[in-house]
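**Q**
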Amino acid sequence: MSYKKRLDGRDFEEPRPMEAKVGIIPRADGSAMFKIGDTIAYAAVYGPRNLHPRFLQDPTKGILRVNYNMMPFSGSGDRVRPGGSRRSKEIALVTEKALLPVLDLSDFPNAVVDVFIEFPQTDAGSRCAGISAAAMALADAGLAMKDLVSAVAVGKVDDRIVADLCYAEEAYEDGDVADIPMAYLPTLDRFTLLQMDGVVAKDDISKGLELGRKVCRQIAEVQKAALKNKYGAGVEKNDS
Amino acid sequence: MTAELRNHVLDFLEKGFRFDGRKPLDYRKITVDYGISKSAEGSARVKIGETEVLAGVKLSVEKPYPDRPDEGTIMVNAELLPLSSPEFESGPPGIQAVELARVVDRGIRESKAIDFKKLLIKKGEEAWIVNIDIITINDAGNLLDAASLAALAAIKDSKMPKYKDGVIDYKEKSKNTIPLEKEPIEVTVIKIGDHFIVDPLPEEEKVLDGRLTVASTKDGKICALQKGGLSPLTQEEIIKMIDIALDKTKDIRKAVGG
Numbered sequence: 014m015s016y017k018k019r020l021d022g023r024d025f026e027e028p029r030p031m032e033a034k035v036g037i038i039p040r041a042d043g044s045a046m047f048k049i050g051d052t053i054a055y056a057a058v059y060g061p062r063n064l065h066p067r068f069l070q071d072p073t074k075g076i077l078r079v080n081y082n083m084m085p086f087s088g089s090g091d092r093v094r095p096g097g098s099r100r101s102k103e104i105a106l107v108t109e110k111a112l113l114p115v116l117d118l119s120d121f122p123n124a125v126v127d128v129f130i131e132f133p134q135t136d137a138g139s140r141c142a143g144i145s146a147a148a149m150a151l152a153d154a155g156l157a158m159k160d161l162v163s164a165v166a167v168g169k170v171d172d173r174i175v176a177d178l179c180y181a182e183e184a185y186e187d188g189d190v191a192d193i194p195m196a197y198l199p200t201l202d203r204f205t206l207l208q209m210d211g212v213v214a215k216d217d218i219s220k221g222l223e224l225g226r227k228v229c230r231q232i233a234e235v236q237k238a239a240l241k242n243k244y245g246a247g248v249e250k251n252d253s
Numbered sequence: 136m137t138a139e140l141r142n143h144v145l146d147f148l149e150k151g152f153r154f155d156g157r158k159p160l161d162y163r164k165i166t167v168d169y170g171i172s173k174s175a176e177g178s179a180r181v182k183i184g185e186t187e188v189l190a191g192v193k194l195s196v197e198k199p200y201p202d203r204p205d206e207g208t209i210m211v212n213a214e215l216l217p218l219s220s221p222e223f224e225s226g227p228p229g230i231q232a233v234e235l236a237r238v239v240d241r242g243i244r245e246s247k248a249i250d251f252k253k254l255l256i257k258k259g260e261e262a263w264i265v266n267i268d269i270i271t272i273n274d275a276g277n278l279l280d281a282a283s284l285a286a287l288a289a290i291k292d293s294k295m296p297k298y299k300d301g302v303i304d305y306k307e308k309s310k311n312t313i314p315l316e317k318e319p320i321e322v323t324v325i326k327i328g329d330h331f332i333v334d335p336l337p338e339e340e341k342v343l344d345g346r347l348t349v350a351s352t353k354d355g356k357i358c359a360l361q362k363g364g365l366s367p368l369t370q371e372e373i374i375k376m377i378d379i380a381l382d383k384t385k386d387i388r389k390a391v392g393g
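Chains A and B, in that order, give the protein sequences.
Counting from 14, one number per residue, gives the positions in the first sequence under my numbering.
Counting from 136, one number per residue, gives the positions in the second sequence under my numbering.
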């Protein structure tokens, strides 16, 4: 048995169609939307701002605090109950670690940069879409960044390494499925998030990382285009 | 701070204007987009100026209440996301979110907008529950009106999923819609000093004296009221605020095509 054709007709190395927009939430200091297939992520950044409660403050630098949340109607099945789950807490944690390496918060002692990630609809790949949206929102907030952060899940469906699994592929029943979400710094060529569910050979990890780098660079182009669309390529367009 | 802001808002109103150039009874531009979430049975985005609110409907099947064995019902929940304003915090819904959800709920419930009897599947055992979740994306004032409009639009957008042998197939949507009999619209009128305004900005909400939300149906019947703010209102003021609300409702009704 083998996976000969993808369920949605894509090439094996092809991500789903993407859309990105920067500055979607005027009240926030920075914001962005990232859509990949039927997964839509909104991200808003507030801060650096005062951090309460005080015991969380770090006198040497600002901290990054990520909140990841699914809207109650964003699941394809039953209503998602509002309030954090263990899953959303863990994803917030790994998202924080995916984003923090590109930031320098040493100028903001005792302060917090809050990142809120929300999903109006999901179809797999939500943590990666959230990271891609959050990276644009951080740039929109004017925070100094060493690099962009782009994220995607690659995986193995039956015998094939594929990019950007949709939900139907995650639920593929005629063979084993492994899912490898990753976040990648496209210029520094480093990974800041790596997880996996499933069983694969070591060789598949190499192939997966290789494919992930390739797709993340495509995502980075979409992110950059969205940022340029708001700010323009030059200083003279900076007020748009 | 608030006293200064209040004087500033009043100075503008004395001259007949507001911070964004609107006259006291001008509403900002309203846009309604339907079907903004494929995961929901129905959904909508409402923008009033820069204010943006989403509403989504998920349908579930539950046992009817013992005192209403032949009816389904609605559940309205609102989340004032910290994503949408620097003033909202993470955590369980605060009192502002609870009030918002309850005022939207009353507008729909009391107008009998949805025929709850038509939501019944099997008497005393199974009925549809219409779960309406309201989510704020950007708070640029007047979340109450935006939320009620988004809830109504999401209900109108809804398609019932297939239901067979105790299992809901969310993937298979039927052609059936939620039995909507009426379309309640809510308009909030704000009193600041001697001035009445609609569609407030966040600055105006901070310094308001009185607030009256009026839900009404197309025939001009009032189906829910909610007074807010600390300032007592006279009977004349209440009637005037209702008149303003009913008048504005006509414009808003056009935005949802009702």
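Ideal Cβ placement from N, Cα and C applies to all residues, glycine included.
Quick caveat: nothing in here was measured; it's all calculated off a predicted structure.
1. If distances are taken between C-alpha atoms only, which option among V170(A), D21(A), L151(A) comes closest to D51(A)?
2. Can K294(B) and G177(B) be called in contact, C-beta distance under 8 Å?
3. For T369(B), which three-state DSSP category applies?
4. Could you name the residues of the region 271-298 of chain B whose beta carbon sits closer than 7 Å to any beta carbon of chain A, in the order they occur along the chain?
5. For A214(A), count neighbouring Cβ atoms within 10 angstroms of its own Cβ and tell me buried if that reaches 16, exposed if not.
6. Determine contact between the region 51-64 of chain A and the region 112-126 of chain A, defined as no fewer than three beta-carbon pairs at a distance below 8 Å.
7. Report the rounded CA-to-CA distance for P95(A) versus A146(A), giving the unit in angstroms.
8. Strictly below 8 Å CB to CB, what residues from chain A border G191(B)?
9. So, for R230(A): in the same chain, excluding its five sequence neighbours on each side, which residues have a beta-carbon less than 6 Å away from its beta-carbon?
10. Where E224(B) and A286(B) are concerned, what is the direct C-alpha to C-alpha distance, given to the nearest angstrom?
11. Given a limit of 7 Å on CB to CB distance, which residues of the region 156-175 of chain B reach chain D?
12. Would A166(A) pass as a contact of D153(A) if the rule is Cβ separation under 8 Å?
13. For M209(A), does the three-state DSSP call read helix, strand or coil?
14. Compute the beta-carbon to beta-carbon distance between K255(A) and L206(A), rounded to the nearest angstrom, for a pair I have assumed lies under 8 Å.
15. Enumerate in chain order the residues of its own chain whose CB-to-CB distance from D386(B) is below 7 Å, with the five nearest sequence positions on each side excluded.
16. Within 8 Å (strictly less), CB to CB, does Y16(A) reach chain B?
17. What does S220(B) touch in chain A if you count any residue whose Cβ is under 8 Å from its own?
18. Quick check: M149(A) and V35(A), are their CB atoms within less than 8 Å of each other?
19. Near E249(A), what residues of its chain come up, given a Cβ to Cβ distance below 8 Å and the 5 sequence neighbours on each side ignored?
20. If we cut at 8 Å on Cβ distances, does G75(A) have a partner in chain B?
21. Helix, strand or coil for S145(A)? Go by DSSP, reduced to three states.
22. May I ask you to report which of helix, strand or coil DSSP gives N251(A)?
23. Within 8 Å of any Cβ in chain B, is that where the Cβ of Y81(A) sits?
24. Figure out for me which residue from T384(B), A232(B), V188(B), R346(B) has the closest Cα to the Cα of I320(B).
25. Apply the 10 Å Cβ neighbour rule to K164(B) and answer buried if 16 or more other Cβ atoms are within range, or exposed otherwise.
26. Contact defined as beta carbons within less than 8 Å: I believe L360(B) pairs with V342(B). What is the distance between those atoms, to the nearest angstrom?
27. So what's C358(B) in DSSP terms, helix, strand or just coil?
28. Any Cβ of chain B within less than 8 Å of the Cβ of R92(A)?
29. Let me know the secondary structure DSSP gives L69(A) once reduced to three states.
30. Taking all protein chains shown into account, decide if E340(B) is buried (16 or more other Cβ within 10 angstroms of its Cβ) or exposed.
31. Output the distance between the C-alpha atoms of D292(B) and I332(B), rounded to the nearest integer angstrom.
32. Return helix, strand or coil for L77(A), following the three-state DSSP convention.
33. With distance defined between alpha-carbon atoms, name the residue in R346(B), I209(B), H330(B) nearest to L145(B).
34. In angstroms, rounded to a whole number, what distance separates the CA positions of I264(B) and V192(B)?
35. Over what stretch of residues does the alpha helix (DSSP H) that includes Y180(A) continue unbroken?
36. Kindly list, in the order they appear in chain B, the residues whose Cβ is closer than 7 Å to that of A57(A).
**A** The structure says:
1. Per the C-alpha coordinates, the member of V170(A), D21(A), L151(A) positioned closest to D51(A) is D21(A).
2. It is a contact, given that the beta carbons lie within the stated cut-off.
3. Looking at T369(B) - three-state DSSP - the assignment turns out to be coil, as it is neither helix nor strand.
4. With the criterion set as a beta carbon lying under 7 Å from some beta carbon of chain A, the members of the region 271-298 of chain B are I272, N273, D274, A275, in sequence order.
5. Classification of A214(A): exposed, given that the 10 Å Cβ count is below 16.
6. The answer is yes - the region 112-126 of chain A touches the region 51-64 of chain A, with three or more Cβ pairs under 8 Å.
7. Computed Cα separation, rounded: 21 Å.
8. The answer, in chain order, is M84, P85, F86, S87, P133.
9. Closer than 6 Å at the Cβ level, and outside the excluded window around R230(A), lie P199.
10. Spanning the two alpha carbons is a distance of roughly 23 Å.
11. The question asks about chain D, but that chain is absent: this structure's protein chains are A and B.
12. Going by C-beta atoms, A166(A) is not nearer than 8 Å to D153(A).
13. M209(A) falls in the coil class under three-state DSSP.
14. With chain A covering 14 to 253 only, the question about residue 255(A) has no answer from this structure.
15. Non-local beta-carbon contacts of D386(B) in its own chain, meaning distances under 7 Å to residues more than five positions away in sequence, involve Y162 in chain order.
16. It does not; no Cβ of chain B falls within 8 Å.
17. The answer, in chain order, is R40.
18. Yes, they are a contact pair.
19. Residue placement at E249(A) is poorly supported in this model, since its pLDDT is 49, which falls under 50; the coordinates are not used for a value here.
20. In terms of beta-carbon proximity, G75(A) stays away from the interface with chain B, with every pair separated by 8 Å or more.
21. S145(A) sits in a helix when the DSSP states are folded into three classes.
22. Any reading at N251(A) is ruled out, since the residue's pLDDT is 45, under 50, leaving its predicted position unreliable.
23. Cβ-Cβ to chain B under 8 Å: no for Y81(A).
24. For I320(B), the closest alpha carbon among the candidates T384(B), A232(B), V188(B), R346(B) is that of T384(B).
25. Within 10 angstroms of the beta-carbon of K164(B) lie fewer than 16 other beta-carbons, which makes it exposed.
26. About 22 Å separates the two Cβ atoms, so there is no contact after all.
27. In the three-state scheme derived from DSSP, where H, G and I count as helix and E and B as strand, C358(B) is classed as strand.
28. Closer than 8 Å to some Cβ of chain B, the Cβ of R92(A) qualifies, so yes.
29. For L69(A), the secondary structure class from DSSP, reduced to helix, strand or coil, is helix.
30. Counting of Cβ neighbours within 10 angstroms places E340(B) among the buried residues, the total reaching 16 or more.
31. Taking the straight line joining both Cα atoms gives about 31 Å.
32. Strand.
33. Nearest Cα to L145(B) within the set R346(B), I209(B), H330(B): H330(B).
34. Approximately 10 Å, taken between the alpha carbons.
35. Per DSSP, the continuous alpha helix (DSSP H) segment holding Y180(A) begins and ends at 180-183.
36. Near A57(A) (Cβ distances below 7 Å), the residues of chain B are L218.
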